[in-house]
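Residue numbers (the numbering used here): 290 to 719.
Backbone N, C-alpha and C fix where the C-beta goes; we use that ideal spot for every residue, glycine too.
Written out as structure tokens, the structure is:
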């Protein structure tokens with residue numbers, strides 16, 4: 290394949306995978322780089338974090354996806370730099386030359402300058418974070434069951450979710466259902482339904498990208514599930530003991546962050562203008578200024594859209610950009626031209642809980658039970674692979690019919706876990 294042009298794709302998220310699949314089988318050499326060996330369906334991470342799904346049900350080995358695409362190879366490694374002059378991608382001691390480069394590096398959690406909160410309030414961007422959150426949620430109930438200290442028990446059963454966007458709304462609703470439904474009959478010394486779930490949003494409403502009526506419905510639905518919604522209440526501090534909201538301190542063993550994202554490193558690698566979140570401001574064809582063979586897509590790109598807004602950082606947008614850039618590269622190679630990228634916005638979706646979701650399809654609004662099923666089917670449709678959608682459907686039906694969480698496993702560091710839930714002296718372990 291030495292005579293073929295080489296396309297290097299950095300990132301196996303929605304954008305990178307869409308570009309690679311579009312280029313599979315074409316007369317180019319494709320190298321897909323990612324520091325993990327799997328493609329992850331991020332919109333369902335919260336269901337892993339709250340024990341509805343197992344990680345393998347929302348992730349797919351990258352190599353297996355392209356096992357029959359002989360022109361696509363996978364390089365597992367972490368990118369440490371980009372040399373645009375020499376047209377090289379750097380990964381530790383390795384370097385990969387490219388003719389065309391697609392940067393789909395994605396975004397990470399932003400703590401708005403309070404990076405020391407990261408260890409105390411994990412975000413939800415990868416499987417490790419999701420399984421750590423699941424472990425901490427389940428351990429909180431186990432520790433509360435064995436605690437003789439009422440103040441400590443209350444702290445363990447307080448859960449705070451920061452951020453009123455889709456991630457925060459979905460997490461808060463799922464934690465409420467975990468505590469008040471799935472676990473309600475599993476314990477003897479505590480009642481999980483006593484758990485206090487707070488959703489904290491600095492703005493004046495939830496789901497700011499949705500119409501006001503759907504935001505109001507979302508708040509009412511969450512409150513119906515037992516979630517305490519705090520609007521106009523920015524977090525001022527997070528400690529090991531809890532979270533400070535304005536001047537009020539809430540003791541809490543679990544604080545989950547879903548309030549913002551940023552793009553690390555990329556602006557330093559390409560030395561091009563970026564927005565406040567680190568997204569590279571790209572040309573209309575998604576290329577980097579002065580480098581027509583280098584493209585940035587997905588969460589890493591600031592793409593002008595409408596009314597002064599940028600294209601939102603959601604999966605459908607990244608997939609559209611990935612397909613567009615792949616076509617753009619093939620057309621450049623063949624001497625053809627295509628129009629500039631035009632984003633087609635299908636709408637916004639968010640689930641609140643069992644039988645509760647909101648959908649805004651470019652002005653067509655849907656909420657409640659029908660929206661919940663629409664949301665679920667849409668997510669299953671977009672899962673990569675053949676086996677995964679069937680597994681997710683079976684798991685959801687099981688959870689729907691029996692209200693059971695099928696992935697309630699506490700994993701990792703068994704000795705630490707056992708010490709954390711050691712029963713009091715007057716109670717024997719079963």
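Compare the beta carbon distance of residue i and residue j with 7 Å and say whether it is the shorter of the two.
i, j, result
"residue 419", "residue 368", "no"
"residue 308", "residue 611", "yes"
"residue 327", "residue 351", "yes"
"residue 561", "residue 577", "yes"
"residue 606", "residue 312", "no"
"residue 472", "residue 481", "yes"
"residue 642", "residue 547", "no"
"residue 298", "residue 321", "yes"
"residue 448", "residue 422", "no"
"residue 524", "residue 532", "yes"
"residue 664", "residue 644", "no"
"residue 574", "residue 526", "no"
"residue 649", "residue 499", "yes"
"residue 502", "residue 495", "no"
"residue 571", "residue 585", "yes"
"residue 424", "residue 699", "yes"
"residue 310", "residue 388", "no"
"residue 507", "residue 458", "yes"
"residue 520", "residue 490", "yes"
"residue 332", "residue 668", "yes"
"residue 446", "residue 386", "no"
"residue 334", "residue 413", "yes"
"residue 620", "residue 602", "no"
On the DSSP bridge assignment, give the partners of residue i in chain order.
i, result
"residue 590", "569"
"residue 551", "397"
"residue 345", "Answer by DSSP bridge pairing: none, since residue 345 is not bridged."
"residue 637", "649"
"residue 543", "448"
"residue 599", "593"
"residue 323", "365"
"residue 577", "580"
"residue 538", "533"
"residue 524", "534"
"residue 328", "349"
Please classify residue i: does DSSP put it in a helix, a strand, or coil?
i, result
"residue 353", "helix"
"residue 307", "helix"
"residue 645", "strand"
"residue 373", "coil"
"residue 531", "strand"
"residue 450", "strand"
"residue 582", "strand"
"residue 475", "coil"
"residue 486", "strand"
"residue 430", "helix"
"residue 438", "coil"
"residue 389", "strand"
"residue 631", "coil"
"residue 556", "helix"
"residue 298", "strand"
"residue 424", "helix"
"residue 317", "coil"
"residue 409", "coil"
"residue 495", "coil"
"residue 654", "strand"
"residue 519", "strand"
"residue 626", "coil"
"residue 380", "strand"
"residue 510", "helix"
"residue 563", "strand"
"residue 417", "helix"
"residue 665", "helix"
"residue 340", "coil"
"residue 457", "helix"
Step through the CB atoms of chain C and report whether any lies within less than 7 Å of the CB of residue i.
i, result
"residue 449", "No chain C is part of this structure, which consists of one protein chain only."
Contact check, residue i vs residue j under 8 Å by CB: the rounded distance?
i, j, result
"residue 540", "residue 444", "4 Å"
"residue 304", "residue 323", "Contact doesn't hold; Cβ gap of about 12 Å is too wide."
"residue 282", "residue 411", "There is no way to answer for residue 282, as the model of the chain reaches only from 290 to 719."
"residue 399", "residue 549", "4 Å"
"residue 592", "residue 371", "The pair is not a contact, with the Cβ atoms about 19 Å apart (cut-off 8 Å)."
Please confirm whether any heavy atom of the ligand GDP lies closer than 6 Å to the CB of residue i.
i, result
"residue 555", "Within the structure as shown, the ligand GDP is missing, as the structure has no ligands at all."
Segment contact, 8 Å Cβ cut-off, at least three pairs: the region 336 to 354 with the region 463 to 472: Contact holds between the region 336 to 354 and the region 463 to 472, because three or more Cβ pairs, one in each stretch, are under 8 Å apart.
Three or more C-beta pairs below 8 Å linking the region 376 to 390 and the region 501 to 513: Flag = no, the region 376 to 390 and the region 501 to 513 do not touch.
contact_flag[the region 391 to 405, the region 544 to 554] where n(CB pairs < 8 Å) is 3 or more: Flag = yes, the region 391 to 405 and the region 544 to 554 touch.
contact_flag[the region 636 to 646, the region 310 to 317] where n(CB pairs < 8 Å) is 3 or more: The region 636 to 646 is not in contact with the region 310 to 317.
Validate contact between the region 422 to 433 and the region 562 to 571 using beta carbons, cut 8 Å, 3 pairs: Judged by Cβ distances under 8 Å, the region 422 to 433 makes no contact with the region 562 to 571, as fewer than three pairs qualify.
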